[in-house]
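J.:
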Amino acid sequence: METKDSKYCTCLYHSANAFARVMTKMADEAFSQTGLSPSYAFLLMTVNDAPGIQPKAISRQMQLTPSTVTRLIEKMEYRGLLERKSVGRATEVFPTEKSLALKPELKKAWQSLYKQYNTILGKDEARQLTDDIYSAYAAIDN
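Be aware that the sequence shown starts at 19, since it is given in our numbering, and climbs by one per residue.
Set out below in structure tokens:
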């Protein structure tokens, strides 16, 4: 689709959502080999790298609401990939052996996604776009 043909191409909302749809499709394809959606894959990567992490920290790192993180954790707990433990009033999340065994496959999928968009956009352009989008997100989210 040529953006010049869209009367909405100068609208940040429209352009951001169009870009997000394309990136979501690419991420879904990259992570399909793991049997997980990108959201679940990033959750497992987060917990695998920080066993005992609390849901609030996961929420901050993944930039998701606490209720969304809770729902994702529950689903992965049901599938035997994560487990929660109460420590006093806090809850900590741990990977299971099954989750840790997926670590190389998850990393490979993430690298595949990274390589794909770097090939399309160019490495420097992709890095700059990522930085710009995150900066805009941080400014608007405050």
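Using N, Cα and C, we set each Cβ at its ideal position, and we do this for glycine too.
#1: Measuring CA to CA, which of Ala75, Ala108, Thr42, Ala127 is closest to Gly53?
#2: Write down every uninterrupted run of the alpha helix (DSSP H) in the region 43 to 73 whose length is 4 residues or greater and which is fully enclosed by it, in chain order.
#3: Count the other CB atoms within 10 Å of the CB of Phe37; is the residue buried (16 or more) or exposed (fewer)?
#4: With three or more beta-carbon pairs closer than 8 angstroms as the criterion, would you say the region 33 to 50 touches the region 73 to 93?
#5: Pull up the distance between the alpha-carbon of Lys74 and that of Glu143, whole angstroms please.
#6: Using the C-alpha atoms, what's the distance from Lys43 back to Phe49?
#7: With 16 as the cutoff for other CB atoms within 10 Å, does Leu30 come out buried or exposed?
#8: Among Ile76, Thr109, Ala45, Gln51, whose alpha-carbon lies nearest the alpha-carbon of Glu123?
#9: Leaving out five residues on either side along the sequence, give the residues of the same chain with a beta carbon under 7 angstroms from the beta carbon of Pro69.
#10: Going by other Cβ atoms of all chains shown within 10 Å of its Cβ, with 16 needed for buried, is Met41 buried or exposed?
#11: Who are the Cβ neighbours of Asn66 in its own chain at under 7 angstroms, not counting the five residues just before and after it?
#12: I'd like the span of the alpha helix (DSSP H) that includes Lys121, first residue to last.
#13: Got a sec? Which residues, its chain only, sit under 7 angstroms from Thr21 by beta carbon, not counting five neighbours each side?
T.: Reading off the structure:
#1: Position 35 of the sequence shown holds residue 53. Of Ala75, Ala108, Thr42, Ala127, the smallest CA-CA separation from Gly53 is found for Ala127.
#2: With a minimum length of 4 residues, the continuous alpha helix (DSSP H) runs that stay inside the region 43 to 73 are 56 to 67.
#3: For the purposes of this step, residue 37 is identified with residue 19 of the sequence shown, where counting begins at 1. Under a 10 Å Cβ-count criterion, Phe37 is classified as exposed, with fewer than 16 other Cβ atoms of the shown protein chains found around its own Cβ.
#4: Counting C-beta pairs with one atom in each stretch, the region 33 to 50 and the region 73 to 93 have fewer than three that are closer than 8 angstroms, which means they do not touch.
#5: As a first step, residue 74 must be located in the sequence shown, where it is residue number 56. As a first step, residue 143 must be located in the sequence shown, where it is residue number 125. The C-alpha of Glu143 is placed about 32 angstroms away from the C-alpha of Lys74.
#6: Counting from one through the sequence shown, the residue named residue 49 turns up at place 31. Counting from one through the sequence shown, the residue named residue 43 turns up at place 25. Cα to Cα, the separation comes out at about 10 angstroms.
#7: In the sequence shown, counting from the first residue as 1, residue 30 sits at position 12. Result: exposed.
#8: Residue numbering aside, residue 123 sits at position 105 when the sequence shown is read from its first letter. Among Ile76, Thr109, Ala45, Gln51, the Cα nearest to that of Glu123 belongs to Gln51.
#9: Residue numbering aside, residue 69 sits at position 51 when the sequence shown is read from its first letter. Cβ within range, chain order: Phe112, Pro113.
#10: Sequence index remark: in the sequence shown, residue 41 carries index 23 (1-based). Taking all protein chains shown into account, Met41 has fewer than 16 neighbouring C-beta atoms within 10 Å of its C-beta and is therefore exposed.
#11: Along the sequence shown, one-based indexing puts residue 66 at 48. Once the five neighbours on either side are set aside, the close Cβ partners of Asn66 are Pro113, Ser117, Leu118, Lys121.
#12: Locating residue 121 in the sequence shown gives position 103, counting from the first residue. Here the alpha helix (DSSP H) through Lys121 covers 121 to 139.
#13: Position 3 of the sequence shown, counted from the first residue, corresponds to residue 21. Here Thr21 scores only 48 on pLDDT, less than 50, and its place in the model should not be relied on; the value that follows carries that caveat. The answer, listed in chain order, is Cys27.
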